[in-house]
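Chemist: FYI, in the working numbering the residues of the sequence shown are 265 to 532.
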Amino acid sequence: MTLAATVVMIVIGLAFVIPLLWVVLASFDTQASLAVSWPAEWSLGNFQAIWNSETTFRPLTNSLILCGGATVVTMTAAVLCAYPFSRYRFRAKRPLLLTIIFATGLPITAIMIPVYSLFVRVNLIDSMVGAILFLGASALPYAIFLTKGFIDAVPIQIEESAWTEGAGMLRTLWSVVIPLMRSGLAVATIFTFVGMWGNFFVPFMLLLSPDQLPAAVTLYTFSSQYGQVAYGQLAAFSIFYSLPVVVLYLFMGRSLGTGFAAAGGIKG
């Protein structure tokens, strides 16, 4: 049984490693194809070809503005929504929670047509602000669902101590709850940002100007009108495209290993 499990894990590992290996090798091969092969001649030509504002820097900047702004909107709203769901009892609590759970599984393609029609009416088509707001709203149900679970893990007795000192709800949330759930916030933030970073459909539908398109949309520019693909340049671009997610994980990953360590504060 142990041997079988080991073999299965190796196969699964290879399924993830082989595409990454192709990206690295193809980025240094000016004659790259879909096959995973050692470059006949190592070259930086693919990186030089994409090292310009139009191909790489501007789309990545647009992606950072779009996904970064939407993540801030989502996480701010998620914390403010999840806190009452976790701490207060009201009649509509269960129906609203079920609605949020249902919304987490709603495919974005099912609502894009009416959203597009609405954006045309309110003149938000080709607006970065409008795309940020919608992208943030579309990620909100899942973020609320995650954040509520982490807030539930914070003992309310610690908040009661702050209340007796005269702290209000927002002050308690900012000074007590959020610091204690920073590991959970890091998880929710990473999941939210990564989901937005790879989103092609929303910016493709809502943003029209080439100057505002994010990197997820400009990826198709590596395919010519005749169906040919510049695989080497695509692989080189993929490396740059992956860097913001890796940096975010390294930056916020320090909080992932810190669990809730204040449980002893409620004793006595």
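Ideal Cβ placement from N, Cα and C applies to all residues, glycine included.
What would DSSP say about Ser-506, mapped onto helix, strand or coil?
Modeler: It is helical.
Chemist: Apart from the five residues on each side of it in sequence, which residues of its chain come closer than 7 Å, Cβ to Cβ, to Gly-496?
Modeler: Ala-290, Ser-291, Asp-293, Thr-294, Ala-296, Asn-310.
Chemist: Jot down the residue ranges of each uninterrupted alpha helix (DSSP H) in the region 397 to 463, minimum 4 residues, whole runs only, in chain order.
Modeler: Correct list: 420 to 428, 433 to 436, 446 to 461.
Chemist: If contacts are defined as beta-carbon pairs under 8 Å, then Thr-456 and Ala-395 qualify, I think. What distance do you get, rounded to the angstrom?
Modeler: Not a contact, Cβ separation roughly 15 Å.
Chemist: Work out the CA separation of Ile-503 and Ile-282 for me, nearest whole Å.
Modeler: Rounded to whole angstroms, Ile-282 to Ile-503 spans 15 Å at the Cα level.
Chemist: Distance cutoff 8 Å, beta carbons only. Does Gly-448 sit that close to anything in chain B?
Modeler: Note that chain B does not occur in the displayed structure, where there is just one protein chain.
Chemist: Is DSSP giving Val-493 helix, strand or coil here?
Modeler: It is a strand residue.
Chemist: Using the beta-carbon count (16 or more within 10 Å), is Ala-450 buried or exposed?
Modeler: Ala-450 comes out buried.
Chemist: By the DSSP assignment, the alpha helix (DSSP H) with Gly-309 in it spans what residues?
Modeler: Start and end: 309 to 314.
Chemist: With a threshold of 8 Å, are at least 3 pairs of Cβ atoms found where one atom belongs to the region 299 to 316 and the other to the region 419 to 438?
Modeler: As far as the Cβ criterion goes, the region 299 to 316 does not touch the region 419 to 438, which means the pair count is below three.
Chemist: Three-state secondary structure (DSSP) at Met-273?
Modeler: Of the three classes helix, strand and coil, the one that applies to Met-273 here is helix, per DSSP.
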